[in-house]
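K.L.:
In this note's numbering, the protein residues as written are 10 to 182.
Backbone N, C-alpha and C define an ideal beta-carbon position, used for all residues, glycine too.
This one's a predicted model, so the numbers in the text were calculated from it and none came from an experiment.
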């Protein structure tokens, strides 16, 4: 009896670690929740540190609890979008890298004339290229003439061989 082997077909799919999340998604969500918690903590009053109402290094700006909650949730929402959103098969990081590449590449080509020394060297280069092209044309013409002559002589040689064997040009022996 033949042994059956199972061949994996999903080799390009990332592994799922916890709750169906990939390692990339899990790391982005952990960073997003940590950033949201940091926003919540840094914008609130410093609990138990220093005198009441005194600002410490842990709390730079004190804002209302509603604004703190909104800012922290926006941070977590941003992490959720980056972790799960895909557009045309690409993740948000890939789109951001593509936009960064697009922004860094020049998009306008400006024509400028060459300096005189460069013009002369360019003219010499063009002349050399024209001479090479002319030599190629002459060589290819001579080669073509040689091939035509060889083909003609091969045809006559073939007929002579047939005549030597007893065959005549019009048919048969």
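1) Determine the DSSP secondary structure at residue 96, reduced to helix, strand or coil.
2) So what's residue 1 in DSSP terms, helix, strand or just coil?
3) Just to check, is the beta-carbon of residue 99 closer than 7 Å to a non-hydrogen atom of the ligand GTP?
4) Go ahead and label residue 88 buried or exposed: buried means 16 or more other beta carbons lie within 10 angstroms of its beta carbon, across all protein chains shown.
5) Take residue 49 and list the residues in its own chain whose beta-carbon comes closer than 7 Å to its own, dropping the five residues that flank it on each side.
6) Which two residues bound the contiguous alpha helix (DSSP H) that contains residue 109?
7) Taking C-alpha atoms, which residue in 112, 35 and 52 lies nearest to residue 93?
P.N.:
So, from the data block:
1) For the purposes of this step, residue 96 is taken as the residue at position 87 of the chain shown. It is a strand residue.
2) Within the shown structure, residues of the chain are numbered from 10 to 182, placing residue 1 beyond reach of any answer.
3) Among the ligands in the structure shown, none appear at all, so the ligand GTP cannot be discussed.
4) Translated into the one-based positions of the chain shown, residue 88 becomes position 79. Buried, because 16 or more other Cβ atoms sit within 10 Å of the Cβ of residue 88.
5) For the purposes of this step, residue 49 is taken as the residue at position 40 of the chain shown. The residues are 77 and 81.
6) Taking the first residue of the chain shown as position 1, residue 109 is located at position 100. Per DSSP, residue 109 belongs to the alpha helix (DSSP H) from 101-113.
7) Within the chain shown, numbered from 1, the residue matching residue 93 stands at position 84. Of the listed residues, the one whose Cα sits closest to residue 93 is 35.
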